[in-house]
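Structure first, then comments.
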Amino acid sequence: MKTIQKLLTATVGALTLAAAFGVGAADKKVVVAYQTDALPSSLGIANGDYEKATGYQIDFRKFNSGGEIFAAIASGDVQVGYVGSSPYAAATSRGLDVKAFYLASISGTDEALVVRNGSGINSVSDLKGKKLAAAPVSTDHYQLLALIKSQGLTEKDVQVFAIPQPEIVAAYNRGDIDGGFVWDPALTELKKNGKVLVTSKEVAEKGAPTFSAWVATGAFAKDNPEFLKAFAGVIEKHTQSFVSNKAAWNKDSDNAKQLAKLLGGTPADQAAGLLNLNLVPLSAFTTLERRNTALSVNHQGQQPSVTLS
Numbered sequence: 000m001k002t003i004q005k006l007l008t009a010t011v012g013a014l015t016l017a018a019a020f021g022v023g024a025a026d027k028k029v030v031v032a033y034q035t036d037a038l039p040s041s042l043g044i045a046n047g048d049y050e051k052a053t054g055y056q057i058d059f060r061k062f063n064s065g066g067e068i069f070a071a072i073a074s075g076d077v078q079v080g081y082v083g084s085s086p087y088a089a090a091t092s093r094g095l096d097v098k099a100f101y102l103a104s105i106s107g108t109d110e111a112l113v114v115r116n117g118s119g120i121n122s123v124s125d126l127k128g129k130k131l132a133a134a135p136v137s138t139d140h141y142q143l144l145a146l147i148k149s150q151g152l153t154e155k156d157v158q159v160f161a162i163p164q165p166e167i168v169a170a171y172n173r174g175d176i177d178g179g180f181v182w183d184p185a186l187t188e189l190k191k192n193g194k195v196l197v198t199s200k201e202v203a204e205k206g207a208p209t210f211s212a213w214v215a216t217g218a219f220a221k222d223n224p225e226f227l228k229a230f231a232g233v234i235e236k237h238t239q240s241f242v243s244n245k246a247a248w249n250k251d252s253d254n255a256k257q258l259a260k261l262l263g264g265t266p267a268d269q270a271a272g273l274l275n276l277n278l279v280p281l282s283a284f285t286t287l288e289r290r291n292t293a294l295s296v297n298h299q300g301q302q303p304s305v306t307l308s
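Going by numbering that gives the first Met the number 0, the first residue of the sequence shown is number 0, and it counts up by one from there.
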């Protein structure tokens, strides 16, 4: 059982350990995997903040999903990555040695099930007989299955395709599927000819919570604690910047323009995506711990109990 509270504790512990070391490794290199989510911390990729703060040469590589990132981690091609709780749980259950060192966000409205205009789906009770899709081994796939189960349905009643997001967009636009549980930029694309039926936050509130986190291989975390501290510091800097001054991240801002150049879409798309996030800055850790949350994520065969109507 993976709990958000445990991850918070592990994050604080990792950063405390890292604080004992200094940064000074200009000759060191690392491969970092990121995704297309609209995140304040992605600005550090665009403007070079991570390299400046860590002193490392960083090869940033873009992936379509956490499942793809963990495959690259398992092969030794990637040392650090941004992933969701479902692929994280799946990877650790298979024995992959990875450590979460920064909890970035919990379920928000930045991920959602969008249904196509003309699909005949007006509520979650209309899902029977429909064709839906989500990225394989993703938090979206996990929540889509939870949503289906909440209606007393199974995958025999609803066709679920586990395909990469670019393929989801293409299939949706062709009319091959009725909806997709996705994140940006696919979320923005699907909404052009459809509507949001339910968000990740709503599914989480009914019993299927998820989170996103930055992880590192166990070996890299052990040998490079100073890198993790500095890297997390950049994430936190941009997270706090957005939380404290959202106007600096609007559609006309340089921040939104840089994110669009890096991640795709328009500055307006990026600005809108940022507002859908449920970020967890370090300043919120104590509050979350005191909440003694019962939120838990179990993706290892046991489906959650969810009630939606």
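Beta carbons: idealized from backbone N, C-alpha and C, even for Gly.
Note that the structure is a prediction, hence the values are computed from the model and not measured.
> Which value, in whole angstroms, describes the spacing of the CA atoms of W182 and K27?
Replying inline: Sequence index remark: in the sequence shown, residue 182 carries index 183 (1-based). Sequence index remark: in the sequence shown, residue 27 carries index 28 (1-based). Rounded to whole angstroms, W182 to K27 spans 33 Å at the Cα level.
>> Rounding to the nearest angstrom, what Cα-Cα distance links V170 and L112 in this structure?
In response: Sequence index remark: in the sequence shown, residue 170 carries index 171 (1-based). Sequence index remark: in the sequence shown, residue 112 carries index 113 (1-based). For the sequence presented, residue 170 should be read as Ala rather than Val. So the two alpha carbons sit approximately 15 Å from each other.
> Cα-Cα, which of V214, S137, S118 and V136 is closest to K130?
Replying inline: As a first step, residue 130 is located in the sequence shown; it is residue number 131 there, counting from the start. Ranking the options by Cα distance to K130, first place goes to S118.
> Hey, quick one: how far does the beta strand (DSSP E) through S211 stretch, first residue to last?
Replying inline: Sequence index remark: in the sequence shown, residue 211 carries index 212 (1-based). Per DSSP, S211 is one residue of the beta strand (DSSP E) stretching across F210 to T216.
> What three-state label does DSSP hand V157 in the structure shown?
Replying inline: Here residue 157 corresponds to residue number 158 of the sequence shown, with the count starting at 1. V157: coil per DSSP, three-state reduction.
>> What does the alpha-carbon distance come out to for the pair H237 and A37?
In response: As a position in the sequence shown, residue 237 is number 238, starting the count at 1. As a position in the sequence shown, residue 37 is number 38, starting the count at 1. Their Cα atoms are separated by approximately 12 Å.
> If you scan the region 63-101 from start to end, which runs of the beta strand (DSSP E) of 3 or more residues do you find wholly inside it?
Replying inline: Secondary structure remark: continuous beta strand (DSSP E) runs of at least 3 residues inside the region 63-101, in chain order: 79-83.
> Do you know offhand how far P266's Cα is from N277's?
Replying inline: Residue 266 sits at position 267 when you count from the first residue of the sequence shown. Residue 277 sits at position 278 when you count from the first residue of the sequence shown. Distance from the CA atom of P266 to the CA atom of N277, rounded to whole angstroms, is 20 Å.
>> Below 8 Å on the Cβ atoms is my contact criterion, and I expect T108 with K200 to pass it. Report the Cβ-Cβ distance as a whole number of Å.
In response: By one-based count along the sequence shown, residue 108 stands at place 109. By one-based count along the sequence shown, residue 200 stands at place 201. At roughly 5 Å, the Cβ-Cβ gap stays under 8 Å, so T108 and K200 are in contact.
>> Suppose the cutoff is 6 Å on Cβ atoms and the five residues either side in sequence are ignored; what does the same chain contact list for A132 look like?
In response: The residue you call residue 132 lines up with position 133 of the sequence shown. Listed in chain order, the non-local C-beta contacts of A132 below 6 Å within the same chain comprise F160, I162, I167, I176 and G179, local neighbours out to five positions each way being set aside.
> If we ignore side chains and look at the alpha-carbon of each, how far apart do N116 and L227 end up?
Replying inline: Within the sequence shown, numbered from 1, the residue matching residue 116 stands at position 117. Within the sequence shown, numbered from 1, the residue matching residue 227 stands at position 228. A straight-line Cα-Cα distance of about 45 Å links N116 and L227.
> Are A41 and A134 touching if we call contact CB-CB under 8 Å?
Replying inline: Start at 1 with the first residue of the sequence shown, and residue 41 comes out as number 42. Start at 1 with the first residue of the sequence shown, and residue 134 comes out as number 135. In the sequence as presented, Ala is not what sits at residue 41; that position holds Ser. With a cutoff of 8 Å on beta-carbon distance, S41 and A134 are scored as not near each other.
> To the nearest angstrom, how far is it from the Cα of N192 to the Cα of D268?
Replying inline: On the sequence shown, position 193 is the one that residue 192 refers to. On the sequence shown, position 269 is the one that residue 268 refers to. So the alpha carbons of these two residues sit roughly 16 Å apart.
> In this structure, does DSSP put L131 in helix, strand or coil?
Replying inline: The sequence position of residue 131 within the sequence shown is 132, counting from 1. Correct three-state label for L131: strand.
>> Contact defined as beta carbons within less than 8 Å: I believe Y33 pairs with S211. What is the distance between those atoms, to the nearest angstrom?
In response: Position 34 of the sequence shown, counted from the start, is the residue given in the question as residue 33. Position 212 of the sequence shown, counted from the start, is the residue given in the question as residue 211. About 11 Å separates the two Cβ atoms, so there is no contact after all.
>> Runs of 3 residues minimum, wholly inside the region 225-275: which ones carry the beta strand (DSSP E) assignment?
In response: The DSSP assignment places no complete beta strand (DSSP E) segment of no fewer than 3 residues inside the region 225-275.
> Relative to the alpha-carbon of S85, which residue among D76, G174 and E67 has its alpha-carbon at the smallest distance?
Replying inline: What you label residue 85 is simply residue 86 of the sequence shown in a count that begins at 1. Nearest C-alpha to S85: E67.
> In or out: S351 buried (at least 16 other Cβ within 10 Å) or exposed?
Replying inline: Because the chain in this structure spans residues 0 to 308, residue 351 falls outside the shown range and cannot be described.
>> In this structure, how does DSSP classify K148 when only helix, strand and coil are distinguished?
In response: Position 149 of the sequence shown, counting from 1, holds the residue named residue 148. DSSP places K148 within a helical segment (H, G or I) once states are collapsed to three.
> Once you ignore the five residues that flank E110 on each side, which residues in its own chain have a CB closer than 6 Å to its CB?
Replying inline: As a first step, residue 110 is located in the sequence shown; it is residue number 111 there, counting from the start. Result list for E110: D139, W182 and S199, in chain order.
> CA-CA distance, A203 and I57?
Replying inline: Residue numbering aside, residue 203 sits at position 204 when the sequence shown is read from its first letter. Residue numbering aside, residue 57 sits at position 58 when the sequence shown is read from its first letter. Cα to Cα, A203 sits roughly 34 Å from I57.
>> Quick check: what's the CA-CA separation for E235 versus G94?
In response: Taking the first residue of the sequence shown as position 1, residue 235 is located at position 236. Taking the first residue of the sequence shown as position 1, residue 94 is located at position 95. Taking the straight line from one Cα to the other gives about 29 Å.
>> What does the alpha-carbon distance come out to for the pair G315 and S124?
In response: No statement about residue 315 is possible, as the shown extent of the chain runs from 0 to 308 and does not include it.
> Which one of A247, G264, D76 and S243 has the shortest CA to CA distance from F219?
Replying inline: In the sequence shown, counting from the first residue as 1, residue 219 sits at position 220. Looking at the Cα atoms, D76 is the closest of the given residues.
>> Please classify N223 as buried or exposed, where buried requires at least 16 neighbouring CB atoms within 10 angstroms.
In response: Reading the sequence shown from its first residue, position 224 is the one you call residue 223. It counts as buried.
>> Quick check on this structure: which residue in K245, Q257, E225 and L196 has the alpha carbon closest to the alpha carbon of L274?
In response: Position 275 of the sequence shown, counted from the first residue, corresponds to residue 274. Cα-wise, what sits closest to L274 is K245.
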